[in-house]
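First comes the structure, then the notes that go with it.
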Amino acid sequence: MSNRTFTMIKPDAVRAGNIGNILKMINDAGFRIVAMKLSKMSMERAGEFYAVHSERPFYGELCEFMSSGPIVAAILEKDNAVEDFRKLIGATNPAQAEEGTIRKAYATSVGENAVHGSDSDENAAIEGAFHFSGTEMF
Ligand code: GDP
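Numbering (numbering that gives the first Met the number 0), first residue to last: 0 to 137.
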């Protein structure tokens, strides 16, 4: 069990002005911010980040969406970070997300679902290193 996860506030939530609201939910849930920046992925970088989904029918749409505007990338720390953060963000499809989750509050569709959260300790480390260098982590 690792104590770190990686998240992105996605372009839909940044456009809607929800950075502050989402960071408050993350803070209130007890996560410490280890690294954070406002950034924008090119189509190529988004394709690389989501390479695991390259065979899925929504891959092109996903990469276009994720490169459509700025994101907030962050590494978060807490005991049981990956699992607890997945609980905080809620189901991929906001129609199925539970009350009190970030996606229930701010996601608008299965594609434009406000936040990313790593699904394993291994991916959390890979995704964190994709966005941050060692000197940007505290
Ligand atoms: P997550 O781990 O809950 O983010 O979900 P997945 O790993 O299954 O999918 C990764 C991301 O791809 C999701 O967060 C969505 O942004 C996007 N996605 C998943 N399913 C669909 C879909 O059916 N259509 C579209 N357009 N995007 C999808």
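Where is the CB? At the ideal position from N, CA and C, for every residue including glycine.
Item, Value
"Tell me the DSSP secondary structure of A123 in three-state form.", "helix"
"Within the present structure, is the beta-carbon of F84 separated from the nearest heavy atom of the ligand GDP by less than 6 Å?", "no"
"Touching or not, the region 83-101 and the region 49-60, by the rule of three or more beta carbon pairs under 8 Å?", "no"
"The alpha helix (DSSP H) that contains G59, what's its start and end?", "Y58 to M65"
"According to the Cβ coordinates, are V33 and E76 closer than 7 Å?", "yes"
"Does DSSP put T91 in a helix, a strand or coil?", "coil"
"If you draw a straight line from the alpha carbon of G46 to that of A28, how long is it in whole angstroms?", "31 Å"
"Below 6 Å, is the gap between the Cβ of E60 and the nearest heavy atom of the ligand GDP?", "yes"
"Taking Cβ to Cβ, would you say E111 is nearer than 7 Å to S117?", "no"
"Let me know the secondary structure DSSP gives G29 once reduced to three states.", "coil"
"The ligand GDP and D127: does any heavy atom of the ligand fall closer than 6 Å to the residue's C-beta?", "Residue identity differs from the one stated: residue 127 is Gly in this sequence, not Asp. Checking the Cβ of G127 against the ligand GDP gives no."
"Would L37 be called buried (16 or more neighbouring beta carbons within 10 Å of its own) or exposed?", "exposed"
"How would you write the range of the beta strand (DSSP E) that G116 sits in, first residue to last?", "V114 to G116"
"Helix or strand or just coil, what does DSSP make of K9?", "coil"
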